[in-house]
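K.L.:
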Amino acid sequence: MIRIDSVTKRYPDGTVAVDRLSLEIPDRSITVLVGPSGCGKTTTLRMINRMVEPTEGTILLDGEDVQHRPVTTLRRSMGYVIQNAGLFQHRTIADNIATVPRMLGWGKQRARERAAELMERVGLDASLAGRYPYQLSGGQQQRVGVARALAADPPVLLMDEPFSAVDPVVRKGLQDELLRLQDELGKTIVFVTHDIDEAIKLGTMVAVLREGGRLAQYAPPAALLSNPADAFVEDFLGADRGIRRLSFFASDALELTTDAVVPADAPAERLAATEAPYLLVTDTEGRPLGWRERGSDDDRLLSYGRPFRPGTDSLRAALDCAVLSPTGWAVAVDADGKVTGVVSQQTIGEAIRAAHTQAEADPDAARGEDEKVAG
Ligand SMILES: Nc1ncnc2c1ncn2[C@@H]1O[C@H](COP(=O)(O)OP(=O)(O)OP(=O)(O)O)[C@@H](O)[C@H]1O
Ligand SMILES: [Mg+2]
0 MIRIDSVTKR YPDGTVAVDR LSLEIPDRSI TVLVGPSGCG KTTTLRMINR MVEPTEGTIL
60 LDGEDVQHRP VTTLRRSMGY VIQNAGLFQH RTIADNIATV PRMLGWGKQR ARERAAELME
120 RVGLDASLAG RYPYQLSGGQ QQRVGVARAL AADPPVLLMD EPFSAVDPVV RKGLQDELLR
180 LQDELGKTIV FVTHDIDEAI KLGTMVAVLR EGGRLAQYAP PAALLSNPAD AFVEDFLGAD
240 RGIRRLSFFA SDALELTTDA VVPADAPAER LAATEAPYLL VTDTEGRPLG WRERGSDDDR
300 LLSYGRPFRP GTDSLRAALD CAVLSPTGWA VAVDADGKVT GVVSQQTIGE AIRAAHTQAE
360 ADPDAARGED EKVAG
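Counting along the sequence shown from 1, when you hit position 307 you're at 306 in numbering that gives the first Met the number 0, and nothing is skipped either side.
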């Protein structure tokens, strides 16, 4: 575990970049430092690997003061990724990734194999190995940056705004990739961003810093959204807090009904037998085609919007489906896209209230990576 204990950094010109900061950074999870520009995020990150020395306070790594560790050993145990990847422009992608292993004295062949393995891990095609950084897109370069930081398999990964220079679509891909990678590797990651949505998506714990390098709140993302410590945090979290918090609630408990789901070739009696105002028509495979108003002889179907997958998607995704649906009903599908049932906005509303009540009774239930669901 990394423990930041009442750390202050005052630069020689008197600027207090970090002010009596204390944080316990849990092992094998992603801890995000977030806050406005100049609030001391980079300074904090750099004090962990001693690129910056604290003025006061201590940083402990597995109980030992980092000051007592030789800088080189310390840095080898911590991969470092920065914005724009910071690659060596005159070295190929494979050589960039193999930098640290080569420094550690690995043979050429072994280092090359490691680079190839990591390229695959981070989703880079093997054909890119011989290229130079300028021949890669921004997103690809960031992946190389991550691969390079992982090359010597350090237990700790320090990431300073690694995805902030790429467009939103690429950024989302990189975030998903990082979460997937983290599931496999279980590193202790300290991730800096000024983007609160990125913090909420990636963090198991999120530290919100304010100007002057002071800690405003340190909490799991769901707790941040439900209970911001003060007006600064609330303002920083921005609008739609309630809706965004629904991302942390699972949709698998939603009660689905199949009464209103009918195949396109269903006999007329089947249609007449249901009470529902709208019928969801499916194809012969059970995939949704659209909604038909009961009793209407109009052949055109209303769009079924965007279906959700119970268990995989969150209550937020389910609600979004219902809100987008012209009938107010959300369509649930399985992994093959076949309809498993439909659910009304009202039922989703009841599930949301139940989830809130449960979260209040048991705050730990809405906490941590395990509970985080997609959407
Ligand atoms: N070497 C330095 N000498 C003097 N002041 C510095 C130095 N490095 C950073 N600072 C100041 O310390 C404060 C914190 O800087 P830091 O880079 O840690 O912020 P940050 O949160 O990473 O900001 P950003 O989001 O813009 O990257 C800022 O006021 C900055 O100007
Ligand atoms: Mg910074």
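Glycine residues also receive a C-beta, built at the ideal position from the N, C-alpha and C atoms.
Anyone know if the C-beta pair for V143 and L123 falls short of 8 angstroms?
P.N.:
Yes, these two residues count as a Cβ contact at 8 angstroms.
K.L.:
By DSSP's criteria, M77 is part of a beta bridge. Which residues make up the other side?
P.N.:
According to DSSP, which records beta bridges pairwise, M77 is partnered with V155.
K.L.:
Using the Cα positions of I3 and R68, report the straight-line distance between them to the nearest angstrom.
P.N.:
I3 and R68: Cα-Cα distance of roughly 16 angstroms.
K.L.:
With respect to 7 angstroms, is the separation between the Cβ of T41 and the closest non-hydrogen atom of ligand 2 below this value?
P.N.:
Correct: T41 has its Cβ closer than 7 angstroms to ligand 2.
K.L.:
When DSSP labels each residue in this structure, what does V207 get in the three-state scheme?
P.N.:
Three-state DSSP puts V207 in a strand.
K.L.:
Just to confirm, is the Cβ distance from L318 to I347 under 8 angstroms?
P.N.:
In contact: L318 and I347 (Cβ atoms closer than 8 angstroms).
K.L.:
What does F162 pair with, by DSSP beta-bridge criteria?
P.N.:
According to DSSP, F162 bridges with nothing at all.
K.L.:
Should the region 77-84 be called in touch with the region 161-173, which here means at least 3 C-beta pairs below 8 angstroms?
P.N.:
Cβ pair count under 8 angstroms is three or more, so yes.
K.L.:
For a minimum of 4 consecutive residues, which ranges assigned as the alpha helix (DSSP H) are wholly contained in the region 117-200?
P.N.:
If we require 4 residues or more, the alpha helix (DSSP H) runs fully inside the region 117-200 come out as 137-149 and 167-184.
K.L.:
With DSSP as the reference, label D399 as helix, strand or coil.
P.N.:
Lying before the first or after the last residue shown, residue 399 is absent from the chain, which here runs from 0 to 374.
K.L.:
Should V80 be listed as close to ligand 2, given that the test is whether its C-beta is under 7 angstroms from any heavy atom?
P.N.:
No; taking the cut-off as 7 angstroms, the Cβ of V80 has no heavy atom of ligand 2 nearer than that.
K.L.:
Return the CA-CA distance between Q108 and S126, expressed in angstroms with no decimal places.
P.N.:
Using only the alpha carbons, I get a separation of about 17 angstroms.
K.L.:
Just reading off the alpha helix (DSSP H) that Q344 is part of, what are its end residues?
P.N.:
Run containing Q344: Q344 to A360, per the alpha helix (DSSP H) assignment.
K.L.:
For V6, I'd like the list of residues in its chain whose CB is within less than 8 angstroms of its CB, leaving aside the five on either flank, ordered along the chain.
P.N.:
Taken in chain order, the residues that qualify are V17, R19, L20, S21, T43, M46, P53, E55, G56, T57 and I58.
K.L.:
Would G78 and A128 qualify as a contact pair, given that the criterion is a beta-carbon distance under 8 angstroms?
P.N.:
The answer is no: Cβ separation not under 8 angstroms.
K.L.:
Leaving out five residues on either side along the sequence, give the residues of the same chain with a beta carbon under 7 angstroms from the beta carbon of P153.
P.N.:
Taken in chain order, the residues that qualify are R75, S76, M77 and G78.
K.L.:
What are the boundary residues of the beta strand (DSSP E) that includes V65?
P.N.:
Note, V65: premise wrong, no beta strand (DSSP E); not H, not E.
K.L.:
Drop a sphere of 10 angstroms on the beta-carbon of P220, count the other beta-carbons inside from all chains shown, and report buried for 16 or more, exposed for fewer.
P.N.:
It counts as buried.
K.L.:
Between the Cα of V80 and those of Q140, C38, L255 and M118, spot the shortest distance and give me the residue it belongs to.
P.N.:
Ranking the options by Cα distance to V80, first place goes to Q140.
K.L.:
What are the uninterrupted segments assigned as beta strand (DSSP E) that are 3 or more residues long and contained completely in the region 285-329, given in chain order?
P.N.:
List check, beta strand (DSSP E) in window: 287-292.
K.L.:
Go to T57, then tell me how far its beta strand (DSSP E) extends in each direction, as first and last residue.
P.N.:
E55 to L60 is the extent of the beta strand (DSSP E) around T57.
K.L.:
Verify the contact flag: E160, CB atom, against every heavy atom of ligand 2, threshold strictly below 7 angstroms.
P.N.:
For ligand 2, at least one heavy atom lies less than 7 angstroms from the Cβ of E160.
K.L.:
Work out the CA separation of D194 and L103 for me, nearest whole Å.
P.N.:
If you take the alpha carbons of L103 and D194, they lie about 35 angstroms apart.
K.L.:
Which complete alpha helix (DSSP H) runs does the region 223-294 hold, if anything under 4 residues is left out?
P.N.:
Listed in chain order, they are 230-236, 240-244 and 267-271.
K.L.:
Is A331 close to ligand 1? I mean its beta-carbon at under 7 angstroms from any heavy atom of the ligand.
P.N.:
Checking every heavy atom of ligand 1 against the Cβ of A331, none is found closer than 7 angstroms.
K.L.:
Could you tell me whether the Cβ of R352 comes closer than 8 angstroms to any Cβ of chain C?
P.N.:
You won't find chain C in this structure, because it holds only one protein chain.
K.L.:
Taking E197 as the reference, give the member of V322, L236 and E254 with the closest Cα.
P.N.:
Closest by alpha carbon: L236.
K.L.:
Just the C-alpha distance for A353 and F231, rounded to the nearest angstrom, thanks.
P.N.:
In a straight line, the C-alpha of A353 is about 29 angstroms away from that of F231.
K.L.:
What do you reckon, is the C-beta of V15 under 7 angstroms from a heavy atom of ligand 2?
P.N.:
No, the beta carbon of V15 sits no closer than 7 angstroms to any heavy atom of ligand 2.
K.L.:
Is H193 near ligand 1 - that is, is its Cβ less than 7 angstroms away from at least one heavy atom of it?
P.N.:
Flag set: Cβ of H193 near ligand 1.
K.L.:
Hey, how far is the Cα of F190 from the Cα of Y131?
P.N.:
Their backbone Cα atoms lie some 27 angstroms apart in a straight line.
K.L.:
Below 8 angstroms, how does it come out for the region 321-340 and the region 275-287: are there three or more Cβ pairs, yes or no?
P.N.:
With the cut-off at 8 angstroms, the region 321-340 and the region 275-287 touch.
K.L.:
Can you check which of these residues, E176, G202 and Y303, is closest to I188 by C-alpha distance?
P.N.:
Here the closest residue by C-alpha is G202.
K.L.:
How is the alpha helix (DSSP H) around L44 delimited, first residue to last?
P.N.:
Its alpha helix (DSSP H) spans residues K40 to I47.
K.L.:
So, under 8 angstroms CB-CB, T192 and E233 are touching, yes? Tell me the CB distance rounded to an integer number of Å.
P.N.:
That pair is no contact at about 19 angstroms.
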